[in-house]
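All letters in the sequence shown, in the order written, are residues 11 to 548 by our numbering. By construction, the Cβ of each residue, glycine as well, lies at the ideal position given by its N, Cα and C atoms. One structure is given below, encoded as structure tokens.
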Amino acid sequence: MNTGVENLTNTSTKSAVEYAQALFSNRYVIRFIVAMWITLTCNTVFYENLNENVLVSAGLLLFALNWLIISIFSVGRLFKPGLILLICISASVEYFSTRFGIMMDYGMLQNVLETDVKEAADLINFRLFFHFLVYAALPSALVLFVPTPKSTIKRRVLTYTGNFLLVLGLLGTLAFMHYQTLSGYFRMNKEQRYYATPLNAISAIKSHVKMKLKPKATTFTQIASSVAFVPFSEKPTVFVLVLGETVRADHFGLNGYERNTTPNLSKLPVYNFKDVSSCGTATAHSVPCMFSWMNKADYDEFTAKNSENVIDIVKRAGFDVIWRDNNSGCKGVCSRVKTEKLYEVVTCEDGCPDELLLEGLPKLLEQKKNTLIVLHQQGSHGPAYFRRSQQKHKTFLPECEDETFATCSQQEIINAYDNSLVETDAMLSSVIELLDKQKDVNTGLLYVSDHGESLGENGVYLHGLPYAFAPSSQTHIPMLFWLSDNYQKDVKLDRTCLNEITAKPTSHDALFGSLLGLLSIDIKTEKQTTDLVTGCRG
């Protein structure tokens, strides 16, 4: 009797194992499981932002959509690589959206692809590794062990087509049933599309590929028919443009921040703009945009890359132009002028301090000819804010020393960020001091940040959100300029007029025309440019 029971048990166990093996060997079952996995585990922020009235219907629709996407990208021999790629992409987006509150769009993808090794290293840590292990490696292992089907090609095509039509029918049915409710909801909450994974990543990749496949321009457009430096003094002009990184206006001491993050600048006669909007929320977009002749509203990346920018215009006016970089590059802006990539010359374990930009600067400033020097800072680039300030400038303590922010309070994150501004203040004041010593040339400095930064407000960190949904902390940035006494006297700038100009709202749109105005460069162009300075000449 016992032997019979044992045989029955063994047979049942064997049957269960065989059934499980058959089930998990079925590609259509695996596609279903992966779609369910991504929908349930890689869309946390999507669900958190949903109204409870549409939670179930939106979740079902997202599952059907993901199932369709997975079916498309895993056809035939693409089954394993396609599924694993989608799993890894979804797991990555899930980590950064939940950890830092990012939205995945074309701009964010552009940031990822243009990030250098040092910047990426700040984001690689044990938490990311563990997250990837659970959310990507385990489900990918399931996919890897799925055997290759032994049926005929004709049978596989028919089965796949039937499955695809089933998924498409499910998606269509759900969309029809909930169209009235969901269409209105998503029309009013457009930001939700940036949280729906992996649709957000696929859409971003599509936009990126579309941009890359654009035919290369056959001509380089000169937007100015004539360019001329208009001398205002017998002395040459030596001007420094400091391009800041990730500095938000409301944490800049000169703008009334409760902490004095600009102790040195506050003692200097600078003209500070208190209400300045950026062209974008990320370096890859803002930098080429702010130096181009186009306004934010009509900016086009392709056009900007194939036409001259304000740096090119200054060079055409006879200035020596030097771009010194302590960041991840100039995003194409400096491709036609002399460039010094200081981060490639000097090895710094935690990223080079911006003091590096001062090395060799006195010699450059002593040139007795018209010169524009651009200093591109590391600035306040996160999330490792604590690495952006030297010990002597760590005014606000304790500061966050965890790149994931997981073990830090919001105040500690703010402390680390504010210390990076103290570092920038010291660097800017040092440049001004050097410029002020040059008595045989007219000197000046213009400082402007590329974009701002979120520090945990409403659960959002870092930057790069789509502009339409970005908080002011990411879009409002500091801008100021300083001119030597000789410069102001010779160019006959009215101080009262300048103070009135700085009190008015402005944006990156004004950089092109205003820099030319400060340098006394006259151009003839059909393009509309904004010059905040020339109107204040006496």
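Using a 10 Å radius around the Cβ and a threshold of 16 neighbouring Cβ atoms, would you call Lys128 buried or exposed? buried
Using a threshold of 8 Å, state whether the C-beta atoms of Thr313 and Met304 are closer than that. yes
May I ask you to verify whether the region 221 to 234 touches the region 430 to 445, counting CB pairs closer than 8 Å and requiring at least 3? no
Could you have a look at Arg269 and say whether DSSP puts it in helix, strand or coil? coil
Proximity winner among Asp115, Ala101, Tyr116, relative to Arg3 (alpha-carbon distances): Within the shown structure, residues of the chain are numbered from 11 to 548, placing residue 3 beyond reach of any answer.
Mapping DSSP to helix, strand and coil, what is Tyr205? It is coil, neither helix nor strand.
Using 8 Å as the Cβ pair cut-off and three pairs as the minimum, do the region 408 to 423 and the region 477 to 497 touch? Cβ pair count under 8 Å is below three, so no.
Residue from Ala147, His295, Pro225, Asp428 with nearest C-alpha to Asp310: Of the candidates Ala147, His295, Pro225, Asp428, the one whose C-alpha sits nearest the C-alpha of Asp310 is His295.
Tell me the rounded alpha-carbon separation between Leu209 and Leu253. 35 Å
At which residues does the beta strand (DSSP E) containing Ser9 begin and terminate? In the structure as shown, the chain starts at 11 and stops at 548, and residue 9 therefore has no counterpart that could be examined.
Can you tell me whether Glu433 is helix, strand or coil according to DSSP? helix
Taking DSSP as the reference, what is the three-state secondary structure of Leu18? With a pLDDT of 49 at Leu18, under the threshold of 50, the modelled position of that residue is not reliable, and the figure given next carries that caveat. Looking at Leu18 - three-state DSSP - the assignment turns out to be helix.
Tell me whether Leu18 is buried or exposed, calling it buried when 16 or more other Cβ atoms sit within 10 Å of its Cβ. Caution is warranted here: a pLDDT of 49 is assigned to Leu18, below 50, making its placement in the model unreliable, and the coordinate value is therefore given only provisionally. It is exposed - the Cβ of Leu18 has fewer than 16 other Cβ atoms within 10 Å.
Per-residue DSSP class, three states only, for Val64: Note: Val64 maps to coil in three-state DSSP.
Is the beta carbon of Ile79 within less than 7 Å of some heavy atom of the ligand NAD? With respect to the ligand NAD, the structure offers nothing, as it holds no ligand at all.
Based on Cα-Cα distance, which residue from Gly111, Gly454, Tyr427 lies nearest to Ser440? Closest in C-alpha terms to Ser440, from the list Gly111, Gly454, Tyr427, comes Gly454.
Three or more C-beta pairs under 8 Å: does that hold for the region 332 to 341 against the region 382 to 398? yes
Consult DSSP for Ser102 and reduce its assignment to one of helix, strand or coil. helix
Considering just the uninterrupted stretch of the beta strand (DSSP E) at Val248, what are its terminal residues? 247 to 254
6 Å Cβ shell around Ser107 - same chain, five flanking residues per side excluded: Result list for Ser107: Val55, in chain order.
Would you identify the three-state DSSP class for Arg326, choosing helix, strand or coil? helix
May I have the straight-line CA-CA distance separating Leu275 from Leu264, to the nearest angstrom? 8 Å
Apply the 10 Å Cβ neighbour rule to Leu445 and answer buried if 16 or more other Cβ atoms are within range, or exposed otherwise. buried
How should Phe155 be labelled, buried or exposed, when 16 other C-beta atoms within 10 angstroms of its C-beta is the threshold for buried? exposed
Who pairs with Tyr57 in a beta bridge, going by DSSP? BP columns for Tyr57 are empty, so no partner.
So, Glu343 versus Asn319, is the Cβ gap smaller than 8 Å? The amino acid at residue 343 is misidentified as Glu; the sequence shows Val. If you check the CB distance, Val343 and Asn319 come in under 8 Å.
Count the other CB atoms, across all protein chains shown, that sit within 10 Å of the CB of Asp495; report buried if there are 16 or more and exposed otherwise. exposed
Grouping DSSP H, G and I as helix and E and B as strand, with all else coil, what is Glu129? helix
Relative to the C-alpha of Leu542, which candidate in Glu510, Ser302, Lys534, Thr535 has its C-alpha closest? Of Glu510, Ser302, Lys534, Thr535, the residue nearest in Cα terms is Glu510.
Could you check which residue in Asp500, Thr535, Thr293 has the C-alpha nearest to that of Leu529? Asp500
Please work out which residues of its chain come closer than 8 Å, Cβ to Cβ, to Met11, disregarding the five sequence neighbours upstream and downstream, and give them in chain order. Caution applies to Met11, whose pLDDT of 49 falls short of 50 and renders its modelled position unreliable; the model cannot decide the point.
Just tell me which of Gly111, Thr49, Tyr116, Phe329 has its CA closest to the CA of Val66. The alpha carbon of Val66 has as its nearest neighbour, out of Gly111, Thr49, Tyr116, Phe329, the alpha carbon of Thr49.
The region 205 to 220 in contact with the region 507 to 521 per 3-pair CB rule at 8 Å: no
Own chain residues within Cβ distance below 8 Å of Val257, not counting five before or after: Cβ neighbours of Val257 beyond the five flanking positions: Gly389, Ser390, Leu431, Thr434, Ser459, Gly462, Glu463, Ile487, Pro488.
Under the three-state DSSP convention, the category Met114 falls into: If DSSP states are grouped into helix, strand and coil, Met114 belongs with coil.
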